[in-house]
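Residues in the sequence shown are numbered consecutively from 36, following the numbering used here.
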Amino acid sequence: MAISTANYAPSLFVVFPSAPLHKTPISRLSTSTKTLITNSTAAATTSIPSKKVLVPIGFGTEEMEAVILVDVMRRAGAEVTVASVEKELEIEASGGTRIVADTSISTCADQIFDLVALPGGMPGSARLRDCKILQEITSKQAEEKRLYGAICAAPAVTLLPWGLLRRKHSTCHPAFMDKLPTFWTVKTNIHISKELTTSRGPGTSFEFSIALVDQLFGESVAKDIGELLLMKTADKSSRKQEFNDVSWSLDHIPRVLIPVANGTQEIELVTIVDILRRANVDVVIASVGRSKKILASRGTKIVADELIKDAAESIYDLIILPGGVAGAERLQKSKLLKKLLKEQESSGRIYGAMCSSTEILHGQGLLKDKRATAHRSLVSDLNEKEIDASEVIIDGKLITSNGLATAIDFALAIVGKLFGHERARSVAEGLVFEYPKR
Numbered sequence: 036m037a038i039s040t041a042n043y044a045p046s047l048f049v050v051f052p053s054a055p056l057h058k059t060p061i062s063r064l065s066t067s068t069k070t071l072i073t074n075s076t077a078a079a080t081t082s083i084p085s086k087k088v089l090v091p092i093g094f095g096t097e098e099m100e101a102v103i104l105v106d107v108m109r110r111a112g113a114e115v116t117v118a119s120v121e122k123e124l125e126i127e128a129s130g131g132t133r134i135v136a137d138t139s140i141s142t143c144a145d146q147i148f149d150l151v152a153l154p155g156g157m158p159g160s161a162r163l164r165d166c167k168i169l170q171e172i173t174s175k176q177a178e179e180k181r182l183y184g185a186i187c188a189a190p191a192v193t194l195l196p197w198g199l200l201r202r203k204h205s206t207c208h209p210a211f212m213d214k215l216p217t218f219w220t221v222k223t224n225i226h227i228s229k230e231l232t233t234s235r236g237p238g239t240s241f242e243f244s245i246a247l248v249d250q251l252f253g254e255s256v257a258k259d260i261g262e263l264l265l266m267k268t269a270d271k272s273s274r275k276q277e278f279n280d281v282s283w284s285l286d287h288i289p290r291v292l293i294p295v296a297n298g299t300q301e302i303e304l305v306t307i308v309d310i311l312r313r314a315n316v317d318v319v320i321a322s323v324g325r326s327k328k329i330l331a332s333r334g335t336k337i338v339a340d341e342l343i344k345d346a347a348e349s350i351y352d353l354i355i356l357p358g359g360v361a362g363a364e365r366l367q368k369s370k371l372l373k374k375l376l377k378e379q380e381s382s383g384r385i386y387g388a389m390c391s392s393t394e395i396l397h398g399q400g401l402l403k404d405k406r407a408t409a410h411r412s413l414v415s416d417l418n419e420k421e422i423d424a425s426e427v428i429i430d431g432k433l434i435t436s437n438g439l440a441t442a443i444d445f446a447l448a449i450v451g452k453l454f455g456h457e458r459a460r461s462v463a464e465g466l467v468f469e470y471p472k473r
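#1: Report the CB separation of His208 from Arg181 in whole angstroms; it is logged as a contact under 8 Å.
#2: Threshold first: 3 residues or longer. Then list the beta strand (DSSP E) segments lying entirely within the segment 258-308, N to C.
#3: In whole angstroms, what is the alpha-carbon distance linking Ser284 and Thr217?
#4: What three-state label does DSSP hand Gly400 in the structure shown?
#5: Excluding the 5 residues flanking Gln399 on each side, which residues of the same chain have their C-beta closer than 7 Å to its C-beta?
#6: What does the Cβ neighbour count give for Ala409, buried or exposed, with the cut at 16 atoms within 10 Å?
#7: Please classify Ala314 as buried or exposed, where buried requires at least 16 other C-beta atoms within 10 Å of its C-beta.
#8: Which residues does DSSP pair with Pro91 in a beta bridge?
#9: For Lys344, which residues of its own chain have a beta-carbon under 7 Å away from its beta-carbon, when the five flanking residues on both sides are left out?
#10: Enumerate, from N- to C-terminal direction, the unbroken beta strand (DSSP E) stretches of 3 or more residues contained entirely within the segment 189-271.
#11: Enumerated in chain order, which unbroken segments of the alpha helix (DSSP H) with a length of 4 residues or greater are wholly contained in the segment 328-403?
#12: Could you tell me the distance, in whole angstroms, from the CA atom of Thr387 to the CA atom of Lys275?
#13: I think Ile329 touches Asn297, with their Cβ atoms under 8 Å apart; what is that distance to the nearest whole Å?
#14: Please state if the CB of Ala407 and the CB of Thr435 are separated by a distance shorter than 8 Å.
#15: When the Cα of Glu380 is compared with those of Lys432, Glu426 and Ile147, which residue comes out closest?
#16: Could you give the C-beta distance for Thr173 and Val151, rounded to a whole number, given that I count them as a contact under 8 Å?
#17: Excluding the 5 residues preceding and the 5 following Thr223 in the sequence, name in chain order all residues of the same chain whose CB lies nearer than 7 Å to its CB.
#18: What are the start and end residues of the alpha helix (DSSP H) that includes Asp430?
#19: Which residues does DSSP list as the beta-bridge partners of Ser322?
#20: Exposed or buried, His226, counting other C-beta atoms within 10 Å across all chains shown (16 or more means buried)?
#21: When DSSP builds the beta bridges, which residues end up paired with Thr125?
#22: Starting from Val102, trace the beta strand (DSSP E) both ways and give me its first and last residue.
#23: Ala448 and Leu265 - do their beta-carbons sit closer together than 8 Å?
#24: Quick one: what's got a C-beta closer than 6 Å to Asp309's C-beta in the same chain, skipping five residues either side?
#25: Quick check: what's the CA-CA separation for Ser391 versus Lys86?
#26: Count the other CB atoms, across all protein chains shown, that sit within 10 Å of the CB of Asp280; report buried if there are 16 or more and exposed otherwise.
#27: Looking at the secondary structure, which residues open and close the beta strand (DSSP E) in which Leu163 lies?
#28: How many Å lie between Pro289 and Ala442 at the Cα?
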């Protein structure tokens with residue numbers, strides 16, 4: 036669908052449809068524009084019968100792998116059940132994010148799924164391995180030649196002891212490759228062996244999820260979803276542009292505030308948190324609502340660390356706004372968050388946004404004379420420097436990104452600015468994500 040072109044204000048090098056940003060708050064975006072951002076389900080799925088997908092989680096599950104898988108599957112039209120293998124529905128993932136499952140694994144014992152997909156992480160993979168009900172479900176899945184898959188540590192730690200890798204080529208996270216039978220091991224990001232699909236780590240979660248969508252719904256749907264997620268196969272070195280280079284280095288552990296609300300985009304939230312915590316950043320997730328519990332844009336239930344009123348008592352080196360149209364609308368209504376953002380900018384501290392939340396910064400005048408980007412559904416025309424070719428833009432102490440699959444680049448760019456290129460490369464290697472050369 037074509038998006039109308041608007042004249043851009045000279046002080047801002049990103050333009051939103053129909054009118055300059057300050058005249059088009061998120062809540063008043065046209066229905067067609069909102070649809071582009073919020074309804075990322077491929078049109079081809081509307082006539083395809085629903086597919087049932089089971090995603091089990093436990094204490095120490097890798098949050099990026101679980102959340103990206105759930106989000107992508109739901110975009111494709113699958114009926115996804117997130118099931119806890121613990122006594123509790125709420126689990127703390129490997130990076131500290133608290134996720135609430137839809138149900139207990141015991142309620143899934145007699146159900147038939149089109150796909151059972153296991154996220155990795157440690158000790159999450161071991162917690163899945165030790166769940167007898169999940170073992171029975173997955174073993175039956177394999178016996179009846181329905182799709183099953185695993186990523187990161189899960190192929191080696193979970194499927195191998197269950198005997199579900201027997202006579203199948205597979206891959207896993209490099210740290211666990213020595214546990215797989217040498218003859219049947221492959222060193223690729225994704226490997227499909229009949230009903231089994233395996234993958235390497237958080238950095239390959241999008242590829243893993245899209246490969247499973249392809250098998251469930253077909254190549255056309257997988258392609259559409261990949262495009263909507265802003266996945267690219269082009270050289271990653273072109274993903275970032277920086278202007279007005281200034282140092283972000285600090286003499287203490289960086290503190291980062293990430294405000295959230297119902298409707299916040301879970302991929303963006305969880306990816307930023309996971310990667311920054313891997314780099315030893317002190318991250319606080321703060322809910323702007325009355326409850327710490329939020330329902331993210333694709334139905335993932337996440338528990339924030341604090342309420343914004345409590346988090347506001349501290350000073351943060353960075354404030355980062357994740358996207359999601361409904362979430363951004365709620366963030367925009369928080370007077371306390373607006374105050375924090377104004378103070379952040381006036382004090383010369385770092386701030387940024389992803390996806391639709393870039394509009395929040397613009398509405399407060401925090402993008403004046405700055406170069407920025409946002410989700411492509413909101414961008415209609417950019418200046419002659421073609422900044423839209425980059426998924427991440429840094430301008431001084433401002434960082435913005437398109438969102439979704441660019442969240443990894445966004446978070447690694449922050450790590451690079453705070454700690455240097457080598458720290459960012461080290462984190463990327465742990466993710467099994469190809470980090471661009473200097």
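C-beta: ideal position from N, C-alpha, C; glycine also. Quick caveat: nothing in here was measured; it's all calculated off a predicted structure.
Looking at the coordinates:
#1: Incorrect: roughly 25 Å between the Cβ atoms, too far for contact.
#2: You should have 275-278 and 290-295.
#3: 43 Å
#4: coil
#5: Lys373, Leu376 and Lys377
#6: buried
#7: buried
#8: Residue pairing from DSSP places Pro91 in a beta bridge opposite Ala118.
#9: Cβ neighbours of Lys344 beyond the five flanking positions: Leu371.
#10: 225-228 and 231-234
#11: 343-346, 360-367, 370-381 and 393-398
#12: In the sequence as presented, Thr is not what sits at residue 387; that position holds Gly. Cα to Cα, the separation comes out at about 14 Å.
#13: 5 Å
#14: yes
#15: Lys432
#16: 5 Å
#17: The residues are Thr206.
#18: It is not in any alpha helix (DSSP H) - Asp430 instead sits in the beta strand (DSSP E) that spans Val427 to Asp430.
#19: Val295 and Leu342
#20: Buried.
#21: Here residue 125 turns out to be Glu, not Thr, going by the sequence shown. Paired residues: Val135.
#22: Careful: Val102 lies outside any beta strand (DSSP E), inside the alpha helix (DSSP H) at Glu98 to Ala111.
#23: no
#24: Glu98, Met99 and Gly130
#25: 30 Å
#26: exposed
#27: Where Leu163 is concerned, there is no enclosing beta strand (DSSP E), although the alpha helix (DSSP H) it sits in stretches over Gly159 to Arg164.
#28: Whole-angstrom Cα-Cα distance: 19 Å.
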